[in-house]
Each structure stands twice: as C-alpha cells, then as structure tokens.
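Take 1164 as the starting number for the sequence shown in the numbering used here and just add one per residue.
For every residue, glycine included, the Cβ atom is placed at its ideal position computed from N, Cα and C.
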Amino acid sequence: MKRMLILAALAVSLASGASAGSLKQIEAAKTLRIGTEGTYAPFTFHNASGALVGFDVEIGREVAKRLGVEPVFVEGKWDGLIAGLAADRYDAVINQVGITEERKARFDFSDPYIVSKAVLIVKQDDDAIKGFADLKGKRAAQSLTSNYGKLAEGAGATLVGTDGFDQSIQLVLTGRADATINDNLSFLDFKKQKPDAPVKITATQDEAAASGIIVQKNNPELVAAVNKALAGMKSDGTYEKISQTYFGADVSR
C-alpha cells in the first residue's frame, strides 16, 4: 500500500511538471515523502503493536499536516537515508540529521528543531575510558557515516559498523565494542526503558549539536513552508507537547 502511494505521488508530480522534491511537487501529489530509520528510539521506532512512532515521526506528521498534505514514511538504514534523498526517494529526511557545512553544500536544511549533545558510553565497570581522548586504539560501535562515527574516528577509534543506537549499545554490552559515541537523549530514553542496563556516560561533548529537516538543494519555498510549520508548532504548544511525551523536557534549545 505504501509503495502504491509513493508511486501515485510521483505520477501526479511528474504530470504537474513540478521539479523533484519541490513544494509544488508535494502539493500536487498531496503527500510528503519522509525518509526515516524506524529503528532509532525514541526518535523513530516501532512500538509493541508495530506502529511507527517517535519524536521525529510526530514532528514529521505535524509538518505534513500544516503543509496540507499526508505524510508517507519511507524507512531505510541511516547510511542510505541522505543518498535516498539525493535520488528522490523522498522529499525530506526527518531523522536527527545534524546540520553541517558539508551537508549544507549539497542539501537545504530547515531551522533547527532539536538540540542534543554527544556522549561517550561505556560499560558500567569500565574505568579505562574516561574521555574522548581515551578512544585511541579502542573499538567504537557507530553508524559509519554519522557525525558520531566521524567524531569517534577522529579520536583514534576503530569503528565497528552498526545500524543505529540499539545495536551500538548491544555491542558495548556484549564486549564486541569498547564504547559508542551517541546522542544523550537516546541514552536517557534507553536508561528509562532499561534502568538496570550496565552502561554509563563517561564524558559529554561541550558543544550542542542542532538537527534540522533536510530537503533537496535549491528549495527555498519548501524550506520556508517547513520553517513556518515548525515555528507554528512551537508558538501554539504543539512542539512542547511532543517533546514532553518523549523526553519530559523541551529539547529545542
């Protein structure tokens, strides 16, 4: 059914003459195709009943609603999400995509909609890794193309490729990796779900990282429409409600 909706959306947009990934295409197709992992709690994951839920999922649904279209989520592994955007498999990626100069050179970003900090996670009884510099010569479980993976590699770690946070944590717990650099919000959610898990944060990066909704390049109309939707969500309390549901705090700053 999802594939049929995507194909129908593409057919409508092509018939309208709209350029790929543009606001005009989205409005003509009446759908916003959103790339997301579906395996990255609490941002995008499947609950016990199998439904796709999460902070980023709710943000995506609300943005689509305010654009006057239906959201269509297209799930895929993190390492292929941004490439999928370039290949026009979706109109936007809403999956904690960090705003970097390298990515801004190839794509357009919305205003930041969430801020987080990188944390270094190790086993509870590990006293050897106390800071990022201690990763030199160690094994770090990371999504290979993520900002966290680059940070670990820059610290001298050997990367052990994973599909996301949950797998990274499991590799640390089982000793197949010494550490993982990941998102502090994901760790807090994990500990909320599994308070007895023997892992800990041993260091926190000073600088906060902002994430945005990423779309295809040269899309000022779409970026403006998304920014308007995000601003409206914050001003009317919708963003606060979603944020409190998943984090118990405002994660926009």
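Check                                                                                                                         : Outcome
With 16 other Cβ atoms within 10 Å as the buried cut-off, status of Gly1300                                                   : exposed
Limits of the alpha helix (DSSP H) - the one that Thr1401 falls within                                                        : 1401-1410
Three-way DSSP call (helix, strand, coil) for Tyr1253 in this model                                                           : coil
Beta-carbon contacts of Ala1172 that lie in its chain and below 8 Å, excluding the five residues immediately before and after : Low local confidence applies: a pLDDT of 48 at Ala1172 is under 50, so the model's placement there is unreliable, and no value is given.
DSSP state of Asp1352 mapped onto helix, strand, coil                                                                         : helix
Rounded straight-line distance, which links the Cα of Ile1245 to that of Val1175                                              : With a pLDDT of 47 at Val1175, under the threshold of 50, the predicted position of this residue should be treated as unreliable, though the coordinate-derived value follows. For Val1175 and Ile1245, the distance between alpha carbons rounds to 24 Å.
Option nearest Ile1302 by Cα separation, candidates Ala1315, Thr1308, Gln1356, Asp1290                                        : According to the sequence provided, residue 1302 is Arg. The question's Ile does not apply to it. That would be Ala1315, whose Cα lies nearest to the Cα of Arg1302.
Residues near Glu1238 by beta carbon distance below 7 Å, same chain, minus five either side                                   : Thr1199, Glu1200, Gly1201
For Leu1283, three-class secondary structure by DSSP                                                                          : strand
Inter-residue Cα distance where the pair is Ile1262 and Gly1213                                                               : 30 Å
Separation of Ala1342 from Phe1270, as counted between CA atoms                                                               : 31 Å
Lys1187 versus Glu1221 - alpha carbon distance                                                                                : 23 Å
Test item: CB-CB of Ile1277 and Val1232 under 8 Å                                                                             : no
Close-in-space but distant-in-sequence residues of the same chain around Glu1403 (CB under 7 Å, 5 per side omitted)           : Asp1413
Validate contact between the segment 1245-1256 and the segment 1363-1374 using beta carbons, cut 8 Å, 3 pairs                 : no
Top-ranked residue by Cα proximity to Gln1356, from Val1335, Asp1329, Arg1339                                                 : Asp1329
Residues near Phe1272 in its chain [Cβ-Cβ closer than 6 Å; skip 5 each side]                                                  : Ile1262, Gly1375, Ile1377
Beta bridge counterpart(s) of Arg1302 as assigned by DSSP                                                                     : Thr1321
Backbone CA spacing between Gly1180 and Leu1351 [nearest angstrom]                                                            : With a pLDDT of 49 at Gly1180, under the threshold of 50, the modelled position of this residue cannot be trusted; read the value that follows with caution. Looking at the two C-alpha atoms, the distance is approximately 46 Å.
Any 3 or more C-beta pairs closer than 8 Å across the segment 1286-1301 and the segment 1379-1388                             : no
Range covered by the beta strand (DSSP E) that runs through Val1235                                                           : 1233-1238
Sub-8 Å separation of Ser1279 and Ala1304 beta-carbons                                                                        : no
Cutoff 8 Å: Gln1368 Cβ touching any chain B Cβ                                                                                : Given the protein chain composition of this structure (a single chain), no chain B is represented.
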